[in-house]
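Inspection log for the structure reproduced underneath, given as structure tokens.
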Amino acid sequence: MERKTFGFLFLLLLVLASDVTVKRAEAKDCLTRRHGFQGRCLFDRQCAHVCRSDGFIGGQCRGPLRKCFCSRPC
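If you want it as structure tokens, here you go:
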């Protein structure tokens, strides 16, 4: 009986220990308006492609007038 109890407690300890996760600090992305983008920004993919060609990590269309904003780590 002691062996079963020990095994159960050990298994329970493993399950609880595996549930504990270490939280990483996520870097926030800063957005910069790309003034060279002509016209309205209709597709995020197009904006992201232009931003990546300028050295940013991505881009997205934002705002009511749909302007292209490029993103980079802060």
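Take the sequence shown: its letters are residues -27 to -1, 1 to 47, numbered as in mature numbering (1 follows the signal peptide of the UniProt record, and there is no 0). Note that the Cβ used here is the ideal one computed from N, Cα and C, for glycine as well.
- For Gln11, there is no enclosing alpha helix (DSSP H), as DSSP gives it neither H nor E.
- The continuous stretches of beta strand (DSSP E) do not include Asp17, which lies in the alpha helix (DSSP H) extending over residues Asp17 to Ser26.
- If you draw a 10 Å sphere on the C-beta of Gly32, you find 16 or more other C-beta atoms in it, and that means buried.
- Leu15 and Lys1 have their C-alpha atoms spaced approximately 25 Å apart.
- In this model, Arg25 and Pro37 are separated by some 23 Å (Cα to Cα).
- Looking at the DSSP output, Thr5 sits in a beta bridge with Cys43.
- Val23 places its beta carbon 8 Å or farther from that of Cys34.
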